[in-house]
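Everything in the sequence shown is counted per my numbering, starting at 652 for the first residue and increasing by one. Take a look at the structure below.
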Amino acid sequence: PTAIQMQLLLDRDAHGNVNVAAIEMEHLVSSMVERRLRDDAAFVGAGHHYAHQLHYFGYEGRSALPSLFDSAYCYALGAVGALLLNARRTGVIASV
Numbered sequence: 652p653t654a655i656q657m658q659l660l661l662d663r664d665a666h667g668n669v670n671v672a673a674i675e676m677e678h679l680v681s682s683m684v685e686r687r688l689r690d691d692a693a694f695v696g697a698g699h700h701y702a703h704q705l706h707y708f709g710y711e712g713r714s715a716l717p718s719l720f721d722s723a724y725c726y727a728l729g730a731v732g733a734l735l736l737n738a739r740r741t742g743v744i745a746s747v
């Protein structure tokens with residue numbers, strides 16, 4: 652996406668390094684998913700549409716390996732999310 656390209660080209664620190672913290676990765680991932688689904692004939696042909704809810708994770712989202720708790724928690728959230736999608740319940744927040 653153009654906005655990400657501009658962030659990579661223009662935003663530099665005093666030493667000329669890219670300001671990685673300022674790159675909006677959530678927008679990048681969302682646009683890549685949207686493009687992939689738009690090109691998926693089965694997804695489009697079934698009448699599905701893609702809507703996203705973005706969240707900024709900051710340094711916490713990309714800094715350390717997950718603990719066993721993190722892994723189990725995210726696995727449980729993913730399982731609840733899959734069950735909600737299977738039941739066609741969208742626009743809700745999953746909690747464990």
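By construction, the Cβ of each residue, glycine as well, lies at the ideal position given by its N, Cα and C atoms. Quick caveat, the model's predicted, so the values are computed rather than measured.
Less than 7 Å divides the Cβ of Tyr701 from the Cβ of Leu688. In this structure Leu659 touches Val669 by the C-beta definition: roughly 6 Å separates them, less than 8 Å. With contacts defined by Cβ atoms closer than 7 Å, Leu728 and Ala745 form a contacting pair.
By DSSP's assignment, Arg663 forms a beta bridge with Val669. In the DSSP assignment, Ala715 falls outside any alpha helix (DSSP H), carrying neither H nor E. For Glu675, there is no enclosing alpha helix (DSSP H), since its DSSP letter is neither H nor E.
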